[in-house]
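Read through the structure below, which is laid out as structure tokens, and then see the notes.
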Amino acid sequence: MVSFSKLFTAALVAASAAASSSKRGAAYNDASLVRTLANSKSGSMSWSYNWDMKKNGNMPSGVEFVPMLWGTDSVDDWDSAVKTALKGGSKHILGFNEPDNASQANIGASKAATLYKKYITPYGDSAKLVSPAITSSTQSGEGISWFKSFMNDCKSCNISAMAVHWYGGSFAQLESYMKEAIEAASKYDIDEVWLTEFALDSDTNGITDESTAKTFLEKSIEWMDSHPKVGRYAYFYTANNYLLTSGSVNALGKVYVS
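The sequence shown runs -19 to -1, 1 to 239 under mature numbering (1 follows the signal peptide of the UniProt record, and there is no 0).
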């Protein structure tokens, strides 16, 4: 017969495992705000990234920093930085930031595949590799169209997850886009999609209507937490006027870590 104390201990271990396996992450520029947000509810977040290869500050206990090779201007310091990140506990590596966007990394799919193989694939034995993060554009040569072209040239890149961004007008649009991304990923035997930036169009420069943002975030979190193909997600973003106000977690931030 199993004692109550053993059952209670097992329940605590299970609860701890569930908390630490949270899909939720922090997209940030200021590491101190990640600590503020994550520490407001223990186990609420499992990972973070800052569009950079260096974390530029300490992460809370249990929060993995994921380095990113942002674009072609970042390659000089890459090997040293990613090795430091891996030694520090990073278990994943993110590819380029919006290479399909002329105002961001702006890299053609074929060139991106060549660069990915050179700079990121060599670390496939040390970390799980994530694809470049694409936009939700539906224009030819952008978004999922770009991803497919990239993957056709990068089938041997050892990619474990697809990274996407989404901005739009409603949760229904987000859900539709994510289903399309999941389907695209599956065609390349990728079982996991990461949504590494998402928000309503109206909130890209700060939250405009708290009630609308809260409803959207609640629906999004519930859907993504329950979908087995959504590996991780990060709301845009962990900063003042978004998930925090004057350095403190605001009402929207409380929804995010709930």
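We treat Cβ as the ideally placed atom computed from N, Cα and C, and that holds for glycine. Just so we're clear, the structure is a prediction, and the values are computed from it rather than from any experiment.
query, result
"Verify whether the separation of the beta carbon atoms of G149 and S117 is less than 8 Å.", "yes"
"Can you name the start and end residues of the alpha helix (DSSP H) that E161 belongs to?", "152 to 167"
"Evaluate M(-19) with the Cβ neighbour count: other Cβ atoms within 10 Å of its Cβ, from every protein chain shown; 16 or more gives buried, anything less gives exposed.", "Low confidence applies here, because M(-19) scores a pLDDT of 39, under 50, leaving its location unreliable; read the following figure in that light. Answer is exposed; the Cβ neighbour count stays below 16."
"State the DSSP-derived secondary structure class of S(-15), mapped to helix, strand or coil.", "Caution is warranted here: a pLDDT of 40 is assigned to S(-15), below 50, making its placement in the model unreliable, and the coordinate value is therefore given only provisionally. Residue state, collapsed to three classes: helix."
"Where S91 and G228 are concerned, what is the direct C-alpha to C-alpha distance, given to the nearest angstrom?", "42 Å"
"On the DSSP letters alone, give me the boundaries of the alpha helix (DSSP H) that L233 sits inside.", "232 to 238"
"Would you call G6 buried or exposed, if buried means 16 or more other Cβ atoms sit within 10 Å of its Cβ?", "buried"
"Considering Cα atoms alone, identify which of N231, R213, L14, T226 is closest to F179.", "R213"
"Are Y100 and V47 close, meaning C-beta to C-beta below 8 Å?", "no"
"On the three-state DSSP scale, how would you describe N221?", "strand"
"May I ask you to verify whether the stretch 114 to 128 touches the stretch 72 to 85, counting CB pairs closer than 8 Å and requiring at least 3?", "yes"
"Taking its Cβ as the centre, do 16 or more other Cβ atoms sit within 10 Å of S201, making it buried, or is it exposed?", "buried"
"Quick one: what's got a C-beta closer than 6 Å to Y169's C-beta in the same chain, skipping five residues either side?", "M132"
"Per DSSP, which one or two residues make a beta bridge with I88?", "Looking at the DSSP assignment, I88 forms no beta bridge with any residue, so it has no partner."
"Return the first residue and the last residue of the beta strand (DSSP E) that L75 is part of.", "Segment: none, L75 is in no beta strand (DSSP E) and carries neither H nor E."
"I need the straight-line Cα distance from N87 to S13, nearest angstrom please.", "30 Å"
"Is it buried or exposed for P209, if we count other Cβ within 10 angstroms and need 16 for buried?", "exposed"
"State whether the stretch 156 to 165 contacts the stretch 118 to 132, with contact taken as three or more CB pairs (one from each stretch) at a distance under 8 Å.", "yes"
"To the nearest angstrom, report how far apart L50 and S192 are at their CA atoms.", "35 Å"
"Starting from M143 and walking both ways along the beta strand (DSSP E), at which residues does that stretch end?", "140 to 149"
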